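Chains as they are written, first to last, in my numbering: chain A, 7 to 118; chain B, 35 to 146. Every residue gets a Cβ at the ideal spot worked out from N, C-alpha and C, and that includes glycine. Quantities reported herein were computed from a predicted structural model and do not represent experimental measurements.
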């Protein structure tokens with residue numbers, strides 16, 4: 007049982023480039039979410055999804071896009087990378103009633 | 035609005051000591067509470083989940099308690115070891131339809 011799988015683990019982008027962070031879960035969880043973690047700021051919610059075809063914004067959605075075409079996958083797209091998006095990104099999943107969360111191992115992104 | 039606070043932000047204790055990590059939340063009406071561990075450069079690993087109807091949960095040397103009326107949870111670590119060094123995060127799920135809310139964590143260092 008792989009849980010939540012994130013790829014890539016590390017990425018360096020130039021300002022203005024776009025990329026997609028991948029997230030997949032094999033637990034048939036309805037709820038999936040993306041967080042960024044910055045020193046002193048804790049975990050901040052970027053976007054979330056309560057099921058296939060349904061997404062919504064979290065606290066810090068600007069500059070990011072998501073889609074949920076299947077239950078398993080929830081990719082995060084950076085449209086035009088900025089240095090302020092340098093961070094560690096985590097994907098998480100949970101059952102529909104939020105009974106416990108499972109996190110991926112994270113993607114460390116540096117934008118230069 | 036629910037807020038989760040963890041004090042202190044950092045803690046160093048000698049190996050072998052029993053220790054308590056604290057978590058407080060502002061609204062006592064919670065659905066459940068989850069403790070996570072995060073090692074440097076890694077993702078979040080779930081340690082214990084306490085449902086609102088429960089008072090405590092135990093796993094090995096870890097014991098988490100929940101006192102909703104006072105808005106507090108504690109994570110007790112028995113016979114601490116250097117391998118317990120990590121950041122410990124407390125998170126609250128306000129209700130079954132709501133998103134998880136994290137504290138900023140306590141960074142624990144066990145001195146050999």
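Bridge partner(s) assigned by DSSP for residue i
{"i": "residue 11(A)", "result": "30(A)"}
{"i": "residue 101(B)", "result": "106(B)"}
{"i": "residue 49(A)", "result": "43(A)"}
{"i": "residue 117(A)", "result": "19(A)"}
{"i": "residue 108(A)", "result": "99(A)"}
{"i": "residue 71(A)", "result": "83(A)"}
{"i": "residue 141(B)", "result": "44(B), 121(B)"}
{"i": "residue 68(B)", "result": "83(B), 125(B)"}
{"i": "residue 62(A)", "result": "54(A)"}
{"i": "residue 93(A)", "result": "115(A)"}
{"i": "residue 56(B)", "result": "108(B)"}
{"i": "residue 135(B)", "result": "126(B)"}
{"i": "residue 93(B)", "result": "96(B)"}
{"i": "residue 39(B)", "result": "58(B)"}
Outcome for residue i when other beta-carbon atoms lying within 10 angstroms are tallied against a minimum of 16
{"i": "residue 104(B)", "result": "exposed"}
{"i": "residue 41(B)", "result": "exposed"}
{"i": "residue 95(B)", "result": "exposed"}
{"i": "residue 114(B)", "result": "buried"}
{"i": "residue 145(B)", "result": "exposed"}
Proximity of residue i and residue j at Cβ, strictly below 8 Å
{"i": "residue 107(A)", "j": "residue 42(A)", "result": "no"}
{"i": "residue 120(B)", "j": "residue 72(B)", "result": "yes"}
{"i": "residue 48(A)", "j": "residue 138(B)", "result": "yes"}
{"i": "residue 65(B)", "j": "residue 127(B)", "result": "yes"}
{"i": "residue 123(B)", "j": "residue 78(B)", "result": "yes"}
{"i": "residue 9(A)", "j": "residue 28(A)", "result": "no"}
{"i": "residue 98(B)", "j": "residue 69(B)", "result": "yes"}
{"i": "residue 51(A)", "j": "residue 117(A)", "result": "no"}
{"i": "residue 135(B)", "j": "residue 36(B)", "result": "yes"}
Rounded distance between the beta-carbons of residue j and residue i, thought under 8 Å
{"i": "residue 103(A)", "j": "residue 130(B)", "result": "4 Å"}
{"i": "residue 45(B)", "j": "residue 108(B)", "result": "Between residue 108(B) and residue 45(B) the Cβ distance is about 13 Å, and since that is not below 8 Å, they are no contact."}
{"i": "residue 100(A)", "j": "residue 37(A)", "result": "4 Å"}
{"i": "residue 25(A)", "j": "residue 87(A)", "result": "7 Å"}
Q) Are the stretch 105-117 of chain A and the stretch 46-56 of chain B in contact at 8 Å, needing three or more beta carbon pairs? A) no
(Q) Three or more C-beta pairs under 8 Å: does that hold for the stretch 53-60 of chain B against the stretch 46-58 of chain A? (A) no
Q) Does the stretch 69-86 of chain B come close enough to the stretch 70-87 of chain A that 3 or more CB-CB pairs lie under 8 Å? A) no
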